[in-house]
Every structure is written in C-alpha cells, then in structure tokens.
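Asks: In UniProt numbering, the protein residues as written are 1 to 659. For each residue, glycine too, the CB sits at the ideal point set by N, CA and C. As the structure is a computational prediction, the values presented were derived from the model and not from experiment. A single structure is presented below for examination.
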C-alpha cells in the first residue's frame, strides 16, 4: 500500500502503525531535520522539545532521503564544506564558549517557557527572519515518534537545483557557527515553544536586589568617562576627602548631569592635572574683577569658599613675644609656631613682636624657614621695634584683599618707638580681619596709663582706608575694633598680679602645672575687663599656663635679681567678633622652651567662621614677599643638608678599628 505521495509504508518505532504510516513519519522527520538545519543557518539557535529524539546521525537521515532530494544534496555537495564530524566537534567547542559567556552574564534564573509567546530577549532567534511555521501534531501515545514540520524561510533556501550557495564560500564559517549555536541550545535543554524555534524570555525568579551606589571602580574607569548612574558624588567625596570639590566648573558639570561620581572627576583630573577641570565657556563668563555675593563664578563667592572650606571655618595662629631686643634668635622655632597639639598646621599665622631684634629681616626669614614652602608672607609691617608678620597658605593668597596697616605712638617724647600699637587689616573672602599688636606702659601700679594707651589706640588707628567696611551700619568712628568682623589684639599689655612675690611663689609651688586660677584672682587685666574699662566686647580664652614674665634669660626660674619682680601674665591674646560664636578658641598656651628673652612667647589657636564676599573689592591679586620666600626655602634646604652631613660624619666617626 502506498501513500498519496507515493512512498511505501512500514512499521513505526512503537509497532502500532502500518508500513505506509511509518514511511510518512520517516519522511516528515527527514524534512524536519533539513528545515531545522536551514533555520539554524539563518538564525543561529535551534531548540527541540525532546533532545534525544533528534540525536540520530546525519548519515542515517541521508540514507532515507528520496531520489529527488538525494540529487539536490549531491549538487549541494559541490560547494566545499568541512567534514560533518569535525564540524560537530567544532560546534561543541563553540558551545562551551557560549555556555561560559551565558553563565558569566546570567543575573537570575532563566525561565524555560515563554507563555506569552512574545519576542524573545536579546541574543535569541529573531522572528522577523522566520516565515510562519507549519506545525505537526504527534499522537500522545507515541511521544517517541513526535514530529514537527517546518517550512524553510526564503533566506534559508541556500541550495538550488544548480547547487549554488546564496552566501558563497564566505558564509560557510558563519553557517557553521550558527549551527553550533543551535546545537548549543539543544545541549542546554531548550525546547520548541508551540513549534516555534525560539528561546524563552529571560525572567528573574524574584525581584532583583537593589544596586549599590558605591559601585565605582577606579581601575575600570577610562579617562574622561562620565557615569551618570552614580548619584552620590557629593556625599561620597565629602566622607572620603572631608572637603567637597564644588568649584564653578565642577558645580556646572553637576547641574548639567555630566559628573556624578568621584571616580569620573578623578579620571578627568588624571588626563590634565589634579586641579578641577574648567570648561572654556566658564572661563569666558568668569570675571575676577567684578561679581556678586551668590553669583556663579565669583572669586570670593559662596562656591569658591565652600570648595576650600566646606564648613566655612579657617584655622588661625596668633602669637605675641617680647624679644627684649636680643640679637640672638632661638635655634629652632618649631615648638613655637608648630606645636604638636593639634596635629595639623593652621591656615593663617600672625606673629606680633615687641622690642624686636635689631635685624628684622633675619627674623622674618627664620619665620619663613620654619613654616616652609606651604606658606608665604602676605604682609609685614613695623613701628619702631614693634613687628608684625602675616603668613598664609599659598593656596589662599588669591582670596585676600589689599592689605593695609596703621600705627599709633603712645610715647610722644620718645625717639625710639618702644611703646605703641601696630594694626594690619584685610578682607578674606567676605570677612574682614583686624590684627593689632601693642606694647602698653610698664609698671606694677600704672593701670590707668595702660587704659589710656588702649583708648588712644582704638581712636587713632585709622583703618580701614581703601578696603570697604563689610558692615558699616555696625561701625563706630570712635572705635576701630567695631569696623571689622573679627578682631585679634595681642601683645605685651604689661598688666601685673596685685600680689607680692612670696605669695605668688607659694601658689606656683603648690600648683606647678595648669591650675593657676588662684593667680588669676589677682590679675589686673581680668579685673579691668570684668568692669568694662578696657577691651570692651573682647574675650580671652581660659589660661592654663604659668606666667610668661619675668624669667632669667636661658633659665626656667623667675627673676632672681635684686628687683625680684613678681611673675605676671603680661603677654596676652584677646579677641572680639561682630557675630556671636564666630570665633572659637582651640588652644591658649605659652612656649617654655624658648628662653632667649625674659618673656615666654604666648600663642593661641582659633577656629574662625568665614563668609562669602564680593569681587568688587581691591584684591591683592596673589601678592606675597617672593624674595623672602626664596631665601627662606633655600635656608631650609641648606640646614637640612647640613644636618644630614653632621649625622653622616657622626656615624663615620663612631666606627673604630681594632688592629
């Protein structure tokens, strides 16, 4: 018995079909295998419901083809192709690579079915290249003989009666790779979804975990790569670096969504420099001569201030020392200018000297040598033997206004100006500063004369001159200290202890270290300030150090001469502010290791709040003493080399030879 197609029937695999039915099943299986090969060639992936049923070799399938198909296959064999067996081995190797790649990028469990039969995910078969398939149905009791009939797509008909391949020989490698991908799908257990050769859609089994914000990797970033998916740049950089970089250009990059993480900024810096990159249009629109308080690009504005001082507080070191006119300077000023507590140096150093050494320039060189290359001398002034030097970190010189100074002489008759006052003022960002160093009248009982010196100073000190007052509504023409935001007054005020020498010595012997509250009960300045007769509106930090006057030179003992002067707190530092809590005293102490004078240096460390300002004030434009800087740094290097040479000579001299 023959079928309508003319093929004889034979028994099926399960023995329940006639011979004709078996032949039909074999023929359909052969056509399905050929169509599957063609579809795999055009799409690269092929899946089956029952992978073992397709495991018959291609040679067995070839034997059962009808004569007409055999002829076509023979014509196709003219096109050079690699042997079948090596091709299958190559497919397995490619599949291993594909499988490893698939495992590497898998983020969740993959569903094996596509219930909606929608388009597959990336990397699956594209439906656009497939023609509508013809589905074959299998009997439920003959699952092992399940069959599927597929019509080949137009692109898949690569063989013609003339035996020519549409893609030519250049497509052979591509076809082999695509077929190998199809067999990779078989190995992974993919199945036909309703007869369609399609990979199932990748669906996560459960909601994906939230992505960590700190996913940046410095090693994986390339130069100038900006990642907009990292939203916590400011928070991340603030915790890591302490000071947030928020300059003009950086802020505009944030506002436009160009920079969001610290690594992106780091990569941009690595291409050019460590400075924050500035765009050309920012430079065009930026003015260093005019500006407003909150305008973008103001040199003294809020953005620039926050870049250098996120908490808007700067550290200031203020010191006073009566040098007693000694020519000899201390061998080392480190303990004076750079105390070990706290660990960090300050942003600004202001040193006032009374009865200064004859060589003022040498004193300034020693200061520069001690502070090193990170600091420059912004300004220095003198009034007789009163000296004042202002050093600032070299990064901050651009934010200072012009520096002005004025002097007051309290001794009119004296040709040598040993008593009087010297004031220096300038504006830093939007905060005005006034520093005054004074030497008041000496003498245990001359309290009224010292108060007169104070009153004359606040009235006669003509500051500011050209730099505008930051708050003229709170200023007074009769008091110079009211015309500035922050005022520091320091010097040898010469106020004494109203007690005899024996009583003071007994108190010092009972409390040799820091408990000096009993001594301060007799302090003239503390008493006068509490009455409001001097230094109105000023404060002084708590004193926890021994009296700074009067010592025997080179010794730790107080005056042992016939005068037996009473130890006193003559050297003081006081301060005032227009705004409450703007100045916070961090430390107030003396330097007992410097013994070249009968006074010990006294210093104070402050944290001072700074406000943004306007660019329309006279700017110093980076002014500093360049000659002093070069001399001081050269001296610093020379001393270091000499020290190393001495250590080397000492080591070589300590080696002895035994004969």
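(1) Does DSSP classify residue 481 as helix, strand or coil?
(2) What whole-angstrom Cβ distance do residue 549 and residue 526 have, given they're in contact under 8 Å?
(3) Evaluate residue 406 with the Cβ neighbour count: other Cβ atoms within 10 Å of its Cβ, from every protein chain shown; 16 or more gives buried, anything less gives exposed.
(4) Any idea what DSSP makes of residue 538, helix, strand or coil?
(5) Whole angstroms are fine: how far does the CA of residue 469 sit from the CA of residue 477?
(6) With distances taken between CB atoms, is the gap from residue 363 to residue 599 smaller than 8 Å?
(7) Could you name each continuous beta strand (DSSP E) segment of 3 residues or more that falls completely within the region 371-437, going from the start of the chain to the end?
(8) Under the rule that 16 or more other beta-carbon atoms within 10 Å means buried, what is residue 563, buried or exposed?
(9) According to the Cβ coordinates, are residue 606 and residue 353 closer than 8 Å?
(10) Within 8 Å of any Cβ in chain C, is that where the Cβ of residue 350 sits?
(11) Look up residue 571 in the DSSP assignment and say whether it is helix, strand or coil.
(12) Sort out for me which residues DSSP pairs residue 584 with in a bridge.
(13) Measure the C-alpha to C-alpha separation of residue 522 and residue 449 and round it to an integer number of angstroms.
(14) Per DSSP, which one or two residues make a beta bridge with residue 497?
(15) Measuring only the C-alpha atoms, how far is residue 438 from residue 487?
(16) Nearest-angstrom Cα distance between residue 417 and residue 493?
(17) Between the alpha carbons of residue 660 and residue 337, how many angstroms are there, rounded?
(18) Near residue 401, what residues of its chain come up, given a Cβ to Cβ distance below 8 Å and the 5 sequence neighbours on each side ignored?
(19) Rounded to whole angstroms, what's the CA-CA distance from residue 498 to residue 591? Just pull it up for me.
(20) According to DSSP, what are the bridge partners of residue 320?
(21) Thinking C-alpha only, which one of 625, 381, 397, 451 is nearest residue 531?
(22) Classify residue 506 as buried or exposed, calling it buried when 16 or more other Cβ atoms lie within 10 Å of its own Cβ.
(23) Tell me whether residue 579 sits in a helix, a strand or coil according to DSSP, three-state version.
(24) Might you give, ordered along the chain, the residues of its own chain that have their beta carbon closer than 6 Å to the beta carbon of residue 589, omitting 5 neighbours on each side?
(25) Drop a sphere of 10 angstroms on the beta-carbon of residue 604, count the other beta-carbons inside from all chains shown, and report buried for 16 or more, exposed for fewer.
(26) Tell me whether residue 448 sits in a helix, a strand or coil according to DSSP, three-state version.
(27) Can you tell me which residues form a DSSP beta bridge with residue 439?
(28) Could you please give the first and the last residue of the uninterrupted alpha helix (DSSP H) stretch that includes residue 629?
(29) In whole angstroms, what is the alpha-carbon distance linking residue 602 and residue 277?
(30) Sorted by chain position, which residues of the same chain lie with C-beta nearer than 6 Å to residue 554's C-beta, five sequence neighbours on each side aside?
(31) Restricting to Cα atoms, I'd like to know which of 373, 328, 377, 340 is closest to residue 359.
(32) Excluding five sequence neighbours on each side, which residues of the same chain lie with their C-beta closer than 6 Å to the C-beta of residue 631?
(33) Could you check the C-alpha separation between residue 647 and residue 372 for me, to the nearest Å?
(34) Name the residue from 576, 519, 611 whose alpha carbon lies nearest to the alpha carbon of residue 567.
(35) Based on the DSSP secondary-structure assignment, which residues constitute the bridge partners of residue 589?
Replies: In short:
(1) Here the question's residue 481 lines up with position 481 in the chain shown. In the structure shown, residue 481 sits in a helix (DSSP, three-state: H, G or I).
(2) By 1-based counting over the chain shown, the position of residue 549 is 549. By 1-based counting over the chain shown, the position of residue 526 is 526. Rounded, the Cβ-Cβ distance is 16 Å, inconsistent with contact.
(3) Position 406 of the chain shown, counting from 1, holds the residue named residue 406. By the 10 Å Cβ count, residue 406 comes out buried.
(4) On the chain shown, position 538 is the one that residue 538 refers to. It is coil, neither helix nor strand.
(5) The residue you call residue 477 lines up with position 477 of the chain shown. The residue you call residue 469 lines up with position 469 of the chain shown. Distance between the alpha carbons of residue 477 and residue 469: 12 Å.
(6) For the purposes of this step, residue 363 is taken as the residue at position 363 of the chain shown. For the purposes of this step, residue 599 is taken as the residue at position 599 of the chain shown. Not in contact: residue 363 and residue 599 (Cβ atoms no closer than 8 Å).
(7) 375-383, 386-393, 404-409, 420-428
(8) For the purposes of this step, residue 563 is taken as the residue at position 563 of the chain shown. Classification for residue 563: exposed.
(9) On the chain shown, residue 606 is found 606 positions in, with the first residue counted as 1. On the chain shown, residue 353 is found 353 positions in, with the first residue counted as 1. No. Outside cutoff.
(10) Any reference to chain C falls outside this structure, which holds one protein chain only.
(11) Walking along the chain shown from the start, residue 571 turns up at place 571. Correct three-state label for residue 571: strand.
(12) Locating residue 584 in the chain shown gives position 584, counting from the first residue. Paired residue(s): 607.
(13) Within the chain shown, numbered from 1, the residue matching residue 522 stands at position 522. Within the chain shown, numbered from 1, the residue matching residue 449 stands at position 449. Taking the straight line from one Cα to the other gives about 19 Å.
(14) Counted from its first residue, the chain shown places residue 497 at position 497. Answer is 523, bridged to residue 497.
(15) As a first step, residue 438 is located in the chain shown; it is residue number 438 there, counting from the start. As a first step, residue 487 is located in the chain shown; it is residue number 487 there, counting from the start. Answer to the nearest angstrom: the Cα atoms are 13 Å apart.
(16) Locating residue 417 in the chain shown gives position 417, counting from the first residue. Locating residue 493 in the chain shown gives position 493, counting from the first residue. Their backbone Cα atoms lie some 16 Å apart in a straight line.
(17) Here the chain has residues from 1 to 659 only, and residue 660 is not among them.
(18) Your numbering for residue 401 matches position 401 in the chain shown. Once the five neighbours on either side are set aside, the close Cβ partners of residue 401 are 426, 427, 428, 467, 617, 618, 619, 620.
(19) Residue numbering aside, residue 498 sits at position 498 when the chain shown is read from its first letter. Residue numbering aside, residue 591 sits at position 591 when the chain shown is read from its first letter. Residue 498 and residue 591: Cα-Cα distance of roughly 24 Å.
(20) Locating residue 320 in the chain shown gives position 320, counting from the first residue. In the DSSP output, where bridge partners are listed per residue, residue 320 has 352, 602.
(21) For this step, residue 531 is matched to residue 531 along the chain shown. Among 625, 381, 397, 451, the Cα nearest to that of residue 531 is on 451.
(22) Position 506 of the chain shown, counted from the first residue, corresponds to residue 506. It counts as exposed.
(23) Your numbering for residue 579 matches position 579 in the chain shown. Correct three-state label for residue 579: coil.
(24) Here residue 589 corresponds to residue number 589 of the chain shown, with the count starting at 1. Cβ within range, chain order: 545.
(25) For this step, residue 604 is matched to residue 604 along the chain shown. Buried is the call here.
(26) Residue numbering aside, residue 448 sits at position 448 when the chain shown is read from its first letter. Note: residue 448 maps to helix in three-state DSSP.
(27) Looking up residue 439 in the chain shown gives position 439. 420, 492.
(28) Within the chain shown, residue 629 is the residue found at index 629, counting from 1. Taken as a continuous stretch (DSSP letters only), the alpha helix (DSSP H) holding residue 629 covers 626-653.
(29) Here residue 602 refers to the residue found at position 602 of the chain shown. Here residue 277 refers to the residue found at position 277 of the chain shown. Cα to Cα, residue 602 sits roughly 43 Å from residue 277.
(30) Residue mapping note: residue 554 aligns to position 554 of the chain shown, counting from 1. These residues qualify, in order along the chain: 595.
(31) On the chain shown, residue 359 is found 359 positions in, with the first residue counted as 1. Closest option to residue 359, Cα to Cα, is 328.
(32) By one-based count along the chain shown, residue 631 stands at place 631. Excluding positions up to five away in sequence, the list reads 365.
(33) Locating residue 647 in the chain shown gives position 647, where the first residue counts as 1. Locating residue 372 in the chain shown gives position 372, where the first residue counts as 1. Taking the straight line from one Cα to the other gives about 22 Å.
(34) Translated into the one-based positions of the chain shown, residue 567 becomes position 567. Closest by alpha carbon: 519.
(35) Counting from 1 along the chain shown, the entry for residue 589 is found at position 589. Per DSSP, 603.
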